[in-house]
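Presented below is the structure to which this report refers.
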Amino acid sequence: AQLFTNIKDAMKGARLLGGLHATYPRLAVMLGLPPETGYHDLIDFFGEAFQRRIKPVIVDSGACQQNVMVGEQLDLFKFPVPKLTPVDGGRYIGTMCNCVTKDPDSDWVNWGTYRSQVHDQRTCSVWINPYQHGGLILNKYASRGQKMEYVQFFGGDPVYSIVAGADIPYGVSEVEVAGGIRGEPVKLVKCKTVDLYVPADAEIVLEGTVDPAETRDEGPFAEYAGYATMEVLKRPIYHVSAVTYRDDPILPATCLGIPTTDELMQTLYAPPQVKERLRIQGLPDCKVAVWAQSGLSTIVVSTSGGVDKPRSMGAQEQNPHPIPGRAAYAGIPQRIASTVWSTHWGALYPFVIVVDDDVDPANTEQVLHALLTKCNPTRDIHIYPGYGNSPILPYLPKGPLWNSGYGGGNCLFDCTWPIEWDTADIPVRIAFDTTYPPEIREKVLANVNKWGLLGGHQS
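Next comes the structure, spelled out in structure tokens:
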């Protein structure tokens with residue numbers, strides 16, 4: 001991570017932090033795990049952690065309110081608000097932020113991550129995706145002609161930003177999930193000018209209201225797919241009524257572009273949900289991975305069964321008369337893809353790659369090898385037109401419906417062996433880690449290390 005100090009035009013002591021979530025070892029440490037924790041273990045941890053919830057506690061004061069700006073003192077430009085790339089439409093304070101909204105019909109408080117562009121000392125425009133939880137809440141206020149109280153807080157325990165961007169179920173408060181991950185309740189303080197609460201250990205807090213009826217230009221902005229594809233559009237105005245902050249505050253930010261950067265964190269969100277949905281559907285045990293290198297457009301699923309044993313459609317009680325042999329596996333890649341696209345997060349990924357279980361879906365070299373040697377272009381690439389895709393992806397056609405993802409489609413790459421092939425017809429995959437006996441591998445590796453040969457071995 002990069003910590004910038006002595007920043008021109010910012011108030012004394014204010015700092016800027018970038019690249020906080022850019023490596024898996026760092027994300028593991030943030031979650032309280034060893035830095036060497038593997039990708040699939042991180043996925044399993046997320047799946048379990050999201051089920052543990054501890055309600056927060058309210059405290060009287062916190063470091064986040066050591067300093068208060070209101071009225072004429074209020075000036076967002078006293079903080080190191082960056083223009084992150086030359087193509088950005090302005091200076092963005094909200095790129096690694098946690099945004100607090102409250103459902104008007106219940107006690108549900110939502111945390112999300114929604115970007116915000118600063119226009120003057122106390123005004124921002126915000127892009128709250130209408131399909132995300134914050135957008136659904138905003139739509140309720142808009143339908144009633146009401147302004148929505150809105151808070152952005154920055155910093156504090158890094159688990160806050162991790163859960164704010166995750167796909168927590170509708171109606172579940174992210175602050176409770178953060179408490180579950182830490183094993184203790186998050187301490188919250190009441191804001192100064194709105195009826196919302198923020199973590200006491202936050203670095204900076206912006207308080208105010210979003211007026212759905214009042215808009216201002218926002219964008220473009222360089223996004224996680226590696227392109228500044230979003231046009232200048234009218235977004236709701238965020239009127240800031242107060243800013244509180246701790247002494248010598250740190251403003252976290254993320255500068256996105258060609259992967260990988262901080263979007264690495266987002267590769268952990270969809271797989272737990274997809275794995276659970278596949279389990280419920282009675283599909284074979286699967287491993288799931290999202291590739292940051294794909295601009296968060298691709299999910300890879302490895303399906304169990306192998307090539308030397310029957311591939312079951314599910315548990316025996318779900319399929320009491322399984323078809324013998326590999327034919328029992330027919331249609332599984334298509335079912336996997338449709339299940340992925342039926343989930344909230346999985347719907348954001350237009351490309352699904354299904355591989356056999358001798359391929360690690362998180363290993364790009366192994367998956368690309370399977371894609372380019374096992375996927376028959378005439379029969380194993382399945383196109384599904386009509387799906388909406390994220391407008392952040394650059395291939396969507398321009399037009400009045402572009403911002404809603406219109407004009408896209410989804411694609412399945414089936415990289416499993418053909419069902420009609422007999423097991424004996426399937427070629428043996430030759431790789432150092434899987435082909436040679438353990439004693440030979442150990443001897444070769446010992447000699448490689450002893451001789452100081454470069455390059456090691458390839459799996």
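Note that the sequence shown covers residues 1 to 459 in the numbering used here.
Idealized CB from N, CA, C, for every residue including glycine.
All values derive from a computational prediction rather than experimental measurement.
Exposed or buried, residue i, counting other C-beta atoms within 10 Å across all chains shown (16 or more means buried)?
i: residue 246; result: buried
i: residue 544; result: Summary: the structure shown does not reach residue 544, with the chain confined to residues 1 through 459, and so no result is reported for it.
i: residue 442; result: exposed
i: residue 300; result: buried
i: residue 463; result: This structure gives no information on residue 463, because the portion of the chain shown stretches from 1 to 459.
i: residue 439; result: exposed
i: residue 102; result: buried
i: residue 151; result: buried
i: residue 453; result: exposed
i: residue 376; result: exposed
i: residue 28; result: buried
i: residue 383; result: exposed
i: residue 222; result: buried
i: residue 427; result: exposed
i: residue 83; result: exposed
i: residue 235; result: buried
i: residue 389; result: buried
i: residue 32; result: exposed
i: residue 228; result: buried
i: residue 312; result: Because the pLDDT of residue 312 is 34, which lies under 50, any placement of that residue in the model is unreliable, and the number read from its coordinates should be weighed accordingly. With 16 or more Cβ atoms within 10 Å of its Cβ, residue 312 is classed as buried.
i: residue 113; result: buried
i: residue 86; result: exposed
Could you tell me the distance, in whole angstroms, from the CA atom of residue i to the CA atom of residue j?
i: residue 78; j: residue 8; result: 10 Å
i: residue 386; j: residue 395; result: 14 Å
i: residue 95; j: residue 252; result: 8 Å
i: residue 380; j: residue 351; result: 13 Å
i: residue 367; j: residue 16; result: 37 Å
i: residue 140; j: residue 231; result: 26 Å
i: residue 6; j: residue 344; result: 42 Å
i: residue 162; j: residue 63; result: 21 Å
i: residue 81; j: residue 70; result: 18 Å
i: residue 302; j: residue 168; result: 24 Å
i: residue 430; j: residue 436; result: 9 Å
i: residue 373; j: residue 356; result: 13 Å
i: residue 40; j: residue 287; result: 8 Å
i: residue 257; j: residue 272; result: 25 Å
i: residue 189; j: residue 10; result: 26 Å
i: residue 192; j: residue 97; result: 19 Å
i: residue 280; j: residue 48; result: 16 Å
i: residue 51; j: residue 274; result: 15 Å
i: residue 360; j: residue 53; result: 31 Å
i: residue 145; j: residue 164; result: 27 Å
i: residue 309; j: residue 340; result: Model confidence at residue 309 stands at a pLDDT of 39, short of 50, so the residue's coordinates are unreliable and nothing is read from them.
i: residue 420; j: residue 449; result: 44 Å
i: residue 185; j: residue 30; result: 17 Å
i: residue 4; j: residue 254; result: 13 Å
i: residue 166; j: residue 417; result: 34 Å
i: residue 34; j: residue 398; result: 45 Å
i: residue 136; j: residue 263; result: 23 Å
Just tell me which of the options has its CA closest to the CA of residue i.
i: residue 57; options: 187, 122, 10; result: 187
i: residue 298; options: 410, 243, 283, 398; result: 410
i: residue 477; options: 248, 226, 208, 274; result: What is shown of the chain runs 1 to 459, which leaves residue 477 out entirely.
i: residue 68; options: 49, 241, 416, 280; result: 241
i: residue 293; options: 280, 254, 333, 363; result: 363
i: residue 89; options: 332, 220, 427; result: 220
i: residue 203; options: 236, 154, 384, 388; result: 154
i: residue 432; options: 405, 424, 444; result: 444
i: residue 207; options: 100, 393, 138, 42; result: 100
i: residue 143; options: 419, 104, 349, 122; result: 104
i: residue 248; options: 2, 12, 1, 3; result: 12
i: residue 239; options: 149, 331, 425; result: 149
i: residue 61; options: 244, 250, 178; result: 244
i: residue 66; options: 205, 392, 393; result: 205
i: residue 91; options: 74, 113, 121; result: 121
i: residue 348; options: 44, 393, 211, 55; result: 393
i: residue 283; options: 336, 261, 296, 237; result: 336
Between the stretch 157 to 175 and the stretch 103 to 116, can you find at least three pairs of beta-carbon atoms closer than 8 Å?
yes
Run through the stretch 81 to 123 for me and flag every whole beta strand (DSSP E) of 3 or more residues, listed as ranges in chain order.
91 to 94, 98 to 102, 109 to 112, 116 to 120
Should the stretch 187 to 199 be called in touch with the stretch 211 to 218, which here means at least 3 C-beta pairs below 8 Å?
no
Taking only runs of the beta strand (DSSP E) that begin and end inside the stretch 327 to 372, which ones reach a length of at least 3 residues, in chain order?
351 to 356
At least 3 beta-carbon pairs within less than 8 Å: the stretch 119 to 127 vs the stretch 261 to 268
no
Within 8 Å, do at least three Cβ pairs link the stretch 143 to 161 to the stretch 16 to 32?
yes
Where in the stretch 177 to 223 do unbroken runs of the beta strand (DSSP E), each at least 3 residues long, occur, reported from the N-terminal end onward?
187 to 190, 197 to 199, 204 to 218
Only counting runs of 4 or more residues, tell me where the alpha helix (DSSP H) segments fall wholly within the stretch 214 to 296, in order along the chain.
270 to 280
Mind listing, in chain order, the continuous beta strand (DSSP E) runs of no fewer than 3 residues lying wholly within the stretch 28 to 86?
67 to 70
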